[in-house]
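One structure below.
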Amino acid sequence: MGLISGVKKHRLFSVAAGALFLAQVTAASAGPLSGRLYHSEPAEIEQTFAIGVQSTATVSQVDRDIVILVDTSASQVGDHRTLALSVLDNLLSSLSSRDRVHLVAVDVTVEDLTTQFSAADSEEIRTGLATLKSRVPLGVTNLLPGLEHARELLKESRQGAICYLGDGMSRGRLISQEKMGDLIDDLQEQKIAVHSFGIGPMIDFQLLGIMANFTGGVVKFDNEELLIENAPAVGAELAQAIKSEVEYPSELNCPTVRVLPSEALPVRSDRETIYLAKGALPKSIHLKSGTAVKLKADKEIDNILGSAWQAAMQSNGLKVAFAGADLLELQGKAVRTQLDQLGEQAERALDLNDHRTANQLSQTMEQLNPGNRHAELLKSDSFRFEFLTVAQTDGGDGPVPPLGAPPANDEGDLLAPDNEPAPTIKEKPFTPTPIQEAESDLPGPADLKAEEPSPTDDNEIQSSDFLQPSDSQPIAPQQPIDPQQPIDPQPSDLQPRAGGANVDLLSEQEQLIRIYEQRYAREVELLIEDANEKIYLDPESVISEIKRAITHIAAVSNIGPDVRDELIRKLKSKLAEAQNRIEIAQQLRIQIENERSQLEARARAVDQLLRSEEELEAYMARIRSLLYDAIHGNVDAFEEAQAVGTKALEAFPLNGTATAARFQAEALTQLNLVYRLNNVRRDRWLATLEEVEKSHIPFPDEPPIAYPAPEIWQALTRNRAKWKQVSIFKQSPREKKIREELDRVYELDVQGLSLQEALNQISDQGGFMIKIHTSVTDTLGDLESIEIEQNYSGIKLRSILRLLLGDHDLTYAIKDEVLFILTEDEAQNNTEFLQLKIYPVTDLVIPIQNQGGGGQGINGAQNGGIGNGGVGGGLGGGLGGGNQLFSVPDLRHPNRPDLKKKAQSL
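Those letters in the sequence shown? Residues -30 to -1, 1 to 876, by mature numbering (1 follows the signal peptide of the UniProt record, and there is no 0).
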């Protein structure tokens, strides 16, 4: 690959390379087993390989208690959260009614979403799911407390299992090897399998794989092909894996090779248990009971297990993350991607004549993949080109600068922009581009040097441990090359580049020019290919890259003019296409914006029309409802319907529907009013005729009515005077004294004194206490600041207080044997200062005439009947008991002589 070739970014899964146990597996209840070897060399050659052991027994289902840990950290958002919740729903629906579930949310802290183990379709689980779906994903994941909490929940339970849904990235706190080992020992002792569904922007397959491989679980994961439509199948597979029985072998012996880890791992029937081994390929594994498990050597893989073996050795067999062949395949993909990146960086280093870096990168590639042909070819080229560079001490054009670098002058030195001196290639050698963490969790070249484990206190389990070189020795520095010493070529089956030590300098220079021309032609071809991919998405960056490439090719002097012109012509053609694409994109954006604005205006108009129709329909429904109520007895609804019709007509002027509704409501209102008034008139006419008929009934005056003498009436009137005003509150003697003092005449010399001093003088003269209410101090502050401008003499104390307090909106009230000074608002609103009084009304017992409707009056008269000289309940209760009004007629009053004469005449 070259300098300007685009690196296509793929999603990489960082698979933790694990090591396999010292192959010993005796099965206490183990059924028949099958075995397979994953190797890269013939059987007789010592190598690093993998052993897969799988149970062939019939799968049996077990009812389990399941703790489901759901990652709710900030990484679980968008499509990842939607897919995880969908898988969880399908997992629960796939469990049987005898399985019990406990939901737990894990992020920075651990929170139980259910209070106990419940059936998957119970109300408890549905409530927990609702709480989970409303939980906002925030923070980072602290996975170890979640796993320990799940273990504690299952301590006293029946056959238990843990299912984790998340990315496994325990960023809150990395898990140390010691704590991981203790947790795995406890889970193995309790026979609790840890299953997981890896989903998220980055997945720690090492952690998930270790937990599954050592406890007998499975690992499902989100890849590019797993869509939301596949969630039901994934949930069902997880449920079946959780319920499947796991075999726990105790010892398996394979003395011919070394296997990691040293203890036996659980065996399942739906996936292989993968172990790493080193040595010659064995033909079988013997159980302690003597049963032999034949190993098939039919699965050849690339030589990519060296780094995995190294990681297993450093962790004493803990970092074994291959819970099934799928994770082993992901390891191969990760190593091959790393090799491609390292090869590209080595090619760039060769283009810059940085042979030392190219040699180091090729050695790293050999450590990752021993026997890699690309690495051997790069190593050979680095030696050869370094020799050619040393041989050209008296001439030559120097190293080839990269495309996009500043142009060179006639002496071959690079020119820096803005007239700044540019460093030469020797002053700033090529540095390989690091592999971004966003593209992959694999380490860069600098991280691939073999060294001791990270100097942390806990030797944390983390993704950077996935790939390590198989050789524990650091890369040796490049030794100087003797120009007189011939170069020992690499193996003969590789084709080294043209050139050699015995070629004359002129021919060598011509060969170098041809090589440079071929390289630049290839670089231009790759740049155009990359531009074709990005021209529709980012034409501006394409134009910038092509312009830099044209400037660079026009400035280099170690290629022929014909080749230079042809390369520039191709680049300018692609540049014109990119510029044309920008113009087309701008016109398309303008057109899209115009269409969008038109659509938005049309949508607003339609929305406004719909809202208007809905509002008018609401008015009509209200009018219909009111008229219906009015017709069925609620006569007040007629006028209310007319008012609603008026509002509808104001909101929609000249609208036919609103006009018709308003007219109909008004017409019905008027018709109802006429009908009711006619009924009242008829009722009153009949009642009046009835009273006339009653007045013609004679009555005798025997025995006559005898009234008391006038003196008796006068005495009664005087005795009744004290009852003119009656209070329901009982007054104490001191309160009566205060009221008497209010009616006594006072002489006050208070001119120039403050209001507070005047009140004190009144209190001293009257012999009662005066208290200032807090409402006065809150409003006016201290009464010492209010000055009185005149004296008061010869008037009652009640009037004096009214004059002193009225100008300041104050008043007084008697309560609890004290005269309170308070604001008028407080006196009106505070019920503690209000007193209820009763006044006699004597003969004022005339009932109020009821002007009720005719219908009710007629019914009242008809139903009430005639009684006691009147219409019983007549006129809707208006004149109940007749029209005598409960007063003594003047005709019988003894003190009016004219009425007496009239009575005598009658």
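All residues carry an ideal CB built from backbone N, CA and C; glycine is no exception.
Just so you know, these numbers come straight off a predicted model, no measurement behind them.
I'd like to confirm the pairing. Which residues does DSSP put opposite residue i in its beta bridges?
i: K766; result: V715
i: Y589; result: DSSP output for Y589 lists no bridge partner at all.
i: L741; result: This sequence places Lys at residue 741; Leu is not what is there. Partner(s): F790.
i: F191; result: G168
i: Q31; result: S214
i: D82; result: V74
i: L39; result: V74 and Y134
i: S66; result: BP columns for S66 are empty, so no partner.
Taking only three categories from DSSP, how would you classify residue i?
i: T687; result: helix
i: A676; result: coil
i: Y506; result: coil
i: N60; result: helix
i: K706; result: helix
i: E244; result: Before going further, note that residue 244 is Ile rather than Glu in the sequence given. Reduced to three states, the DSSP call for I244 is strand.
i: H72; result: strand
i: L135; result: strand
i: G109; result: coil
i: E757; result: strand
i: K149; result: helix
i: L298; result: helix
i: residue 880; result: Given that the chain is displayed from residue -30 to residue 876, the structure contains no residue 880 and the question cannot be resolved.
i: A392; result: Residue placement at A392 is flagged as unreliable, the pLDDT there being 36, under the threshold of 50; the coordinate-derived value follows with that caveat. Note: A392 maps to coil in three-state DSSP.
i: D272; result: coil
i: R128; result: coil
i: L265; result: strand
i: L497; result: helix
i: I538; result: helix
i: N604; result: coil
i: A278; result: helix
i: A250; result: coil
Output the boundary residues of the beta strand (DSSP E) element that contains residue i.
i: F167; result: A163 to G168
i: Y8; result: L3 to H9
i: K785; result: L780 to K785
Report the residue from the options whose alpha carbon sits nearest the alpha carbon of residue i.
i: V188; options: L197, R343, N200 and G205; result: G205
i: Q176; options: L157, D156, G138 and N528; result: G138
i: L638; options: E570, E536, V76 and V605; result: V605
i: L712; options: Q726, Q86, K700 and Q735; result: Q735
i: V512; options: P225, E487, K542 and R534; result: K542
i: D91; options: T111, R70 and V80; result: R70
i: Q31; options: G98, A328, N60 and K213; result: K213
i: Q726; options: L686, P680 and L775; result: L775
i: E757; options: A728, R690 and I538; result: A728
i: K785; options: L773, Q721, D777 and I708; result: I708
i: S56; options: F167, R238, S66 and R6; result: F167
i: I498; options: D535, I667, R688 and E547; result: E547
i: R238; options: S232, D752, G249 and P219; result: P219
i: L39; options: G98, V526, F19 and L7; result: G98
i: N800; options: S745, E94 and L558; result: S745
i: Q311; options: A100, I483 and H344; result: H344
i: N329; options: Q315, A525 and N339; result: Q315
i: F622; options: S582, W655 and M335; result: S582
i: L113; options: A100, G313 and I132; result: I132
Where does the unbroken alpha helix (DSSP H) through residue i begin, and where does it stop?
i: T185; result: F175 to T185
i: S25; result: It is not in any alpha helix (DSSP H) - S25 instead sits in the beta strand (DSSP E) that spans Q17 to S25.
i: H325; result: H325 to L338
i: V644; result: G626 to S665
i: D734; result: L725 to G736
i: T101; result: E93 to S104
i: K289; result: Per DSSP, K289 belongs to no alpha helix (DSSP H) and is neither H nor E.
Just to check, is the beta-carbon of residue i closer than 7 Å to a non-hydrogen atom of the ligand HEM?
i: E317; result: Because no ligand of any kind appears in the structure shown, any question about the ligand HEM cannot be addressed here.
The segment 14 to 27 / the segment 242 to 256 touching (three or more Cβ pairs under 8 Å):
Because the criterion of three Cβ pairs below 8 Å is met, the segment 14 to 27 and the segment 242 to 256 touch.
Between the segment 626 to 642 and the segment 650 to 659, do at least 3 Cβ pairs fall closer than 8 Å?
Because the criterion of three Cβ pairs below 8 Å is not met, the segment 626 to 642 and the segment 650 to 659 do not touch.
Stretch pair the segment 103 to 123 + the segment 73 to 82: three plus CB contacts closer than 8 Å:
Flag = yes, the segment 103 to 123 and the segment 73 to 82 touch.
Contact between the segment 708 to 728 and the segment 762 to 775 is defined here as three or more beta-carbon pairs at a separation below 8 Å; is this criterion met?
At 8 Å Cβ cutoff, the stretches touch.
Within the chosen definition, does the segment 621 to 629 reach the segment 575 to 595 through at least 3 CB pairs nearer than 8 Å?
These segments touch.
Inter-stretch contact at 8 Å, needing at least 3 Cβ pairs: the segment 120 to 133 / the segment 146 to 164
Yes, the segment 120 to 133 is in contact with the segment 146 to 164.
Determine, using beta-carbon pairs with one atom in the segment 521 to 541 and one in the segment 485 to 501, whether at least three such pairs fall under 8 Å.
Cβ pair count under 8 Å is three or more, so yes.
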